[in-house]
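To keep things clear, I will list the structure first and then write my remarks on it.
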Amino acid sequence: LHSNSYIQFLVHSPTRPSIHFSPLLKNMPPSKYLQPIAICFLIAFIAIDVINDRRPQKESGKIRESSGTQSPKGRGSGSLDLDWLTSLNFTTKKKEFKNRAKPIPREEWAKIDNTACINQKKGAASDLQDYQRRAPYVLLIGAMKAGTSSLNTYLQEHSNVMTLGKKELHFYDFAFHKFISEEGILRSDARAAYRKTYERNIDVPMLKKNKNKIALDDSPRYLFWSERVPARVLCVTPWVKILAILRNPIDRAFSQYNMFSNHPGKTGNSTAFTFDEWIANDIEDMVETGVLQDKIAYADFRNSLEEEAAWKAYTRLGSHAPIGRGLYALQLRQWFKAFEEAGKSLHDIFVIQSELMKEEPNLVYGDVLEFLGLPHEPLKDSGKKLVGTYKSVLSPDTRKMLEQLYTPYNQELYELLGEDWAGVWDP
1 LHSNSYIQFL VHSPTRPSIH FSPLLKNMPP SKYLQPIAIC FLIAFIAIDV INDRRPQKES
61 GKIRESSGTQ SPKGRGSGSL DLDWLTSLNF TTKKKEFKNR AKPIPREEWA KIDNTACINQ
121 KKGAASDLQD YQRRAPYVLL IGAMKAGTSS LNTYLQEHSN VMTLGKKELH FYDFAFHKFI
181 SEEGILRSDA RAAYRKTYER NIDVPMLKKN KNKIALDDSP RYLFWSERVP ARVLCVTPWV
241 KILAILRNPI DRAFSQYNMF SNHPGKTGNS TAFTFDEWIA NDIEDMVETG VLQDKIAYAD
301 FRNSLEEEAA WKAYTRLGSH APIGRGLYAL QLRQWFKAFE EAGKSLHDIF VIQSELMKEE
361 PNLVYGDVLE FLGLPHEPLK DSGKKLVGTY KSVLSPDTRK MLEQLYTPYN QELYELLGED
421 WAGVWDP
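Numbering-wise (my numbering), the sequence shown opens with residue 1 and increments by one.
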């Protein structure tokens, strides 16, 4: 403040500065030293305001570009630096995109979160007939646009797998609200309705007659709704096996975009939109709900109560979630946790690499048959199934940005699933 050191700052620790006043200060009138102190504080506040103004801010449904240049960062050992998202220069507005389903009002969350399994009548697993344990015998839970249709087609070629009249039953997602009460999940009602669904879609007399026959439920949203579907499955059909097939999350999202752009009715959008616009909308949802955040180090955030709450908020928006669907580690972690809490073996979950199935379908098909306990049969047709057409090209810059976003989740997935998965989607 002056050439004479009336105030000396002595730092005893990195976080606790101590202020010591010189004896000369005690004899000075307050006007002599309070004015310069006030000026210092004013300068500090102005500096802080300028710094905050240069940070990226959300404005009118878009991410505003920072006036400064910053190198992109992903979610490494520290927390997520969201500044790199600004380089995508997204300009979409949320109102341009219609949801896949209606958002779930917060006043209904408590009922959805009550996963108590209510056995209203008999309906216990021991009271079921044998054929009911084989329909469904296995759930193909996703991921969407990762090869579920191809895997379903391969399995339906097996002599012991029943062909359903309807591919995706969506029993545990869109249809399940009727079986949730304030007390919990109404198991008997849900089980009876599920049985009727199969009776409408398969040859029940054949299923009863041949004890080697099984049926599956292929509904890709089951994986994504990881915060509610596992509890429903374990209450109503605790005997089932789980199949999941995962694809590079960037390729998966781009495939989902092309499916919707080729069939506008699936999104309810009458106007064309780019892939960057679509994923910008989703990334903003993830930031707003807290799934993507820069406050907590990723190692501390994952599997935390904060992450669980954020994921609930995000999945209950009812959006198409092209980017969020690719956070496989988070979703599988919640499925694994539900199985462990229910005392069900994780050996009843089998996870497949989509890319490996495309390269070596016979190998993957044989592994799946072994997992399901089905006799080996050669795959009749290992050709490509339901290959979509792309009308656009994914830009290298967008791919690079998404690689940074997905890196920590992919790394966790590799750790979760073992050495066979190590680095499969690394750039």
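The beta carbon of each residue, even a glycine, is placed where N, CA and C say it ideally should be.
query: First and last residue of the beta strand (DSSP E) that includes K241?; result: 241-246
query: L372: which of K208, D348, K295 sits nearest, CA to CA?; result: D348
query: Quick one: is G142 buried, meaning 16 or more other Cβ sit within 10 Å of its Cβ, or exposed?; result: buried
query: With DSSP run on the structure shown, which of helix, strand or coil describes F224?; result: helix
query: Just how far apart, CA to CA, sit H158 and D217?; result: 15 Å
query: Quick check on F301: does DSSP put it in helix, strand or coil?; result: helix
query: For G165, I'd like the list of residues in its chain whose CB is within less than 8 Å of its CB, leaving aside the five on either flank, ordered along the chain.; result: R200, N201, I202
query: For Q334, which of E355, F176, W311, H320 has the nearest alpha-carbon?; result: W311
query: Could you tell me the distance, in whole angstroms, from the CA atom of D420 to the CA atom of C235?; result: 32 Å
query: Considering only their Cβ atoms, is the gap separating I323 from I296 smaller than 8 Å?; result: no
query: Along the chain, where does the beta strand (DSSP E) containing D218 start, and where does it finish?; result: 216-218
query: At which residue ranges does the segment 363-427 contain complete alpha helix (DSSP H) runs of 4 or more residues, listed in the order of the chain?; result: 396-417
query: Specify the secondary structure class of V287 as computed by DSSP and reduced to three states.; result: helix
query: Give the straight-line distance between the Cα atoms of L346 and A272, rounded to the nearest whole angstrom.; result: 43 Å
query: Looking at K145 and M259, is the spacing between their C-beta atoms short of 8 Å?; result: yes
query: Give the DSSP-derived three-state secondary structure of F350 in the structure shown.; result: strand
query: Excluding the 5 residues preceding and the 5 following E59 in the sequence, name in chain order all residues of the same chain whose CB lies nearer than 8 Å to its CB.; result: Low per-residue confidence applies at E59: pLDDT is 33, beneath 50, and the placement is therefore not dependable enough to give any value.
query: To which residues does DSSP link V138 through a beta bridge?; result: L216, K241
query: Hey, is the segment 129-141 in contact with the segment 240-247, meaning 3+ C-beta pairs nearer than 8 Å?; result: yes
query: The ligand MN and L155: does any heavy atom of the ligand fall closer than 7 Å to the residue's C-beta?; result: As far as ligands go, the structure on display features none, and thus does not contain the ligand MN.
query: Closest by CA to H177, which one among K167, R228, T163, I250?; result: R228
query: Starting from I185, follow its DSSP beta bridges and name the residues at the other end.; result: C117, I180
query: In the DSSP assignment, the alpha helix (DSSP H) including A338 goes from what residue to what residue?; result: 328-341
query: Could you name the residues of the same chain whose beta carbon sits closer than 6 Å to that of Q331, not counting the 5 residues immediately before and after it, in chain order?; result: L223, S226
query: Cutting at 7 Å between CB atoms, please list the residues of its own chain near P427, excluding the five before and the five after it.; result: E403
query: So R232 is in the alpha helix (DSSP H); what residue range does that whole segment cover?; result: 229-236
query: Quick one: is K213 buried, meaning 16 or more other Cβ sit within 10 Å of its Cβ, or exposed?; result: buried
query: Can you check which of these residues, F174, T153, Q120, is closest to V429 by C-alpha distance?; result: Because the chain is modelled from 1 through 427, residue 429 falls outside the range shown and cannot be assessed.
query: Alpha carbons only, please: which of L151, G326, L356, L128 is nearest the one belonging to Y406?; result: G326
query: Mind checking which residues open and close the alpha helix (DSSP H) that includes V204?; result: 204-209
query: Between V291, N410, S319, which has its C-alpha nearest I104's C-alpha?; result: S319
query: Using a Cβ-Cβ cut-off of 6 Å (strictly less than) and excluding sequence neighbours within five positions of N410, which residues of its own chain qualify?; result: W425
query: Give the straight-line distance between the Cα atoms of E275 and P408, rounded to the nearest whole angstrom.; result: Going by the sequence as given, residue 275 is Phe instead of Glu. In a straight line, the C-alpha of F275 is about 23 Å away from that of P408.
query: Where does P72 land, buried or exposed, given buried means 16+ other C-beta within 10 angstroms?; result: With a pLDDT of only 26 at P72, under 50, the local geometry of the prediction cannot be trusted, and the value read off the model is given with reservation. Label assigned to P72: exposed.
query: I need the straight-line Cα distance from N281 to Q120, nearest angstrom please.; result: 43 Å
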